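Take 60 as the starting number for the sequence shown in the numbering used here and just add one per residue. Glycine included, each C-beta is placed from N, C-alpha and C at the ideal position. Just so we're clear, the structure is a prediction, and the values are computed from it rather than from any experiment. This report concerns only the one structure given below.
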Amino acid sequence: MFKRLFWVFLVAALLAACSGEQSQTTPTWTLVPTQAQNQAQAQGQSAAQENTATVAPASATPSATSTPAATNTPKPTFTPSPTQPTATPTSDLIGPANFPAENNPLTGLPAADPALLNRRPIAIKVNLVPRNYYRPPWGLSLADIVFDYYHNDGYSRLHAIFYGNDAAMVGPIRSGRMPDGDLVRMYKSIFAYGSADSRINSRFFNSDYADRLILERGADPCPPTVEKPMCRFEPAGYNHLVAGTKELSQYMTDKKVDNSRPNLSGMTFQTIPPQGGSANQQVIVHYSIDNYASWQYDAATGVYLRFQDKVMAQSGQEEYEPLTDRLNDQQISARNVVVILAPHTYYTPPPGEIVEITLEGSGKAYAYRDGLMYEVAWNRPAYDSVLYLTFPDGSAYPFKPGNTWFQIVNDLAKISQPDAATWRFDFFIP
């Protein structure tokens, strides 16, 4: 871990505001149990006042429920990667293309309500730190895919994608970062976030997905409505920014933004685990002494349960507690956990760091399902390709049907096995 962060963490843990709302330019580096029903009402929890960024480029001033006008900008250039795999058909295998209309291409499962698939996915930026203010989060147990990646100053943040389920409330919502643009392109999603540094917003607002951005309009009290899909939970107290996925989707439809079903082909699913996996019971991802997580396999339910940092591990002794969903009090879980190694570079170095993550072409990854680990490759051959996995021979790696959490670390991360059943990834930026 970079030495300067040990002091930054001590200060950051006492501050409710997330740093890193500054902007940057693109850096270059080389190289749940079943999704739960969304019925419970959100319950109160202590949290500090949250100051949502309102910075915007001079050319555009979007409001939370404003959709910036898109301008033509060049699409990213990608390095070569394996072609989209064609899976060997079996009665149990589905994907990577030609999904049945009722099947969610992000989970491989039939949607409880197939009508939900006739729209774009909803992506929402969710924050978990500081732990005393932003936990437990709302709605994460209902996400199809979640990306957890490094933001700044030792902390990661979540990009949660909802497609086959709606969540009445998702949050706490915070600011966007450079990699969110790649993820929005990949999943053709609508993106709700709490603004960003002016340089980051400038990139977003001048992109081909600019009309699919939703930012906070003002401190509207909850619950979310179609007119005000983003709202403040207890604005006179905790003041968390949250949103409803159904309301976000309908809001964009009402604004005449294209909200039709996109092509999300790419992932392959199979109930039976592939051959060649090695036994695994735990995955630890350590971003810093104040931001680390553990996934522990539960053989009884066939899922990996999420545990989150409980204390700042100043002495090196990590302590964990279950990460739960405030909507339903369930522990967050995943059918698939995938650790992605990707180049990270500074758009702006510390202080006020902004980090670019290169998610183009292909790279090394570790996939976990059914208590087994597989060394695989992640692939994104085109700017609008969803991320999929392949074995070293180029054949498709099948995800377990259900939700997936992608943990992104840099390609300099230290990888170790504290014991035969545990894999550990220590994030590192030189």
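Query raised in the report: Sorted by chain position, which residues of the same chain lie with C-beta nearer than 7 Å to Ile-331's C-beta, five sequence neighbours on each side aside?
Result: Within the sequence shown, the letter at position 272 stands for residue 331. These residues qualify, in order along the chain: Asp-151.
**Report entry** Other residues of its chain near Ile-204: CB distance less than 6 Å, five sequence neighbours each side excluded
**Finding:** As a working mapping, residue 204 is identified with position 145 in the sequence shown. Cβ within range, chain order: Leu-165, Ile-220 and Thr-463.
Query raised in the report: Can you tell me the Cα-Cα spacing of Gly-411 and Asp-256, whole angstroms?
Result: Here residue 411 is taken as the residue at index 352 of the sequence shown, counted from 1. Here residue 256 is taken as the residue at index 197 of the sequence shown, counted from 1. Between Gly-411 and Asp-256, the C-alpha separation is close to 10 Å.
Report task. Report yes or no: do the stretch 247 to 256 and the stretch 205 to 214 share at least 3 C-beta pairs separated by less than 8 Å? Result -> no
Query raised in the report: Quick one: Cα of Pro-231 to Cα of Gln-389, how far?
Result: Numbered from its first residue, the sequence shown carries residue 231 at position 172. Numbered from its first residue, the sequence shown carries residue 389 at position 330. Rounded to whole angstroms, Pro-231 and Gln-389 show a C-alpha spacing of 17 Å.
Report task. Helix, strand or coil for Lys-184, going by three-state DSSP, please let me know. Result -> Along the sequence shown, one-based indexing puts residue 184 at 125. Strand, per DSSP.
Query - Helix, strand or coil at Met-237 [DSSP, three-state] - result: Start at 1 with the first residue of the sequence shown, and residue 237 comes out as number 178. Helix at Met-237.
Query raised in the report: Straight-line CA distance for Pro-169 to Asn-162?
Result: As a working note, residue 169 is residue 110 in the sequence shown. As a working note, residue 162 is residue 103 in the sequence shown. Taking the straight line from one Cα to the other gives about 4 Å.
Query raised in the report: What's the gap between the Cα of Pro-333 and the Cα of Leu-448?
Result: Mapped onto the sequence shown, residue 333 falls at position 274. Mapped onto the sequence shown, residue 448 falls at position 389. Their backbone Cα atoms lie some 13 Å apart in a straight line.
Query - Given Trp-437 as reference, the closest of Phe-486, Thr-304 and Ser-454 once Cα atoms are compared - result: Here residue 437 refers to the residue found at position 378 of the sequence shown. That would be Ser-454, whose Cα lies nearest to the Cα of Trp-437.
Requested in this report: Would you identify the three-state DSSP class for Ile-26, choosing helix, strand or coil?
Outcome: It is not possible to answer for residue 26, since the shown part of the chain is limited to 60 through 489.
Report task. Return the chain-ordered list of same chain residues with a C-beta closer than 6 Å to the C-beta of Asp-317, the five sequence neighbours on each side being excluded. Result -> Here residue 317 refers to the residue found at position 258 of the sequence shown. Same-chain partners within the cutoff: there are none.
Report task. Name, in chain order, the residues that DSSP records as bridge partners for Lys-423. Result -> The residue labelled residue 423 in the question sits at position 364 within the sequence shown. Beta-bridge annotation (DSSP): Lys-423 is paired with Ala-436.
Query raised in the report: With contact counted as at least three CB pairs below 8 Å, one residue from each stretch, are the stretch 364 to 383 and the stretch 399 to 406 in contact?
Result: no
Query raised in the report: Are the CB atoms of Asp-225 and Lys-287 nearer to each other than 8 Å?
Result: Against the sequence shown, residue 225 aligns to sequence position 166. Against the sequence shown, residue 287 aligns to sequence position 228. The answer is no: Cβ separation not under 8 Å.
Query raised in the report: Taking the DSSP output, what are the residues bridged to Cys-290?
Result: In the sequence shown, counting from the first residue as 1, residue 290 sits at position 231. Its beta-bridge partners are Val-301.
**Report entry** Whether Ser-353 touches Tyr-379 by CB criterion (8 Å)
**Finding:** Start at 1 with the first residue of the sequence shown, and residue 353 comes out as number 294. Start at 1 with the first residue of the sequence shown, and residue 379 comes out as number 320. With respect to the 8 Å criterion, Ser-353 and Tyr-379 are classified as neighbours on the basis of their beta carbons.
**Report entry** Boundaries of the beta strand (DSSP E) in which Asn-469 is found, first to last residue
**Finding:** On the sequence shown, residue 469 is found 410 positions in, with the first residue counted as 1. Counting along the chain, the beta strand (DSSP E) containing Asn-469 begins and ends at 463 to 469.
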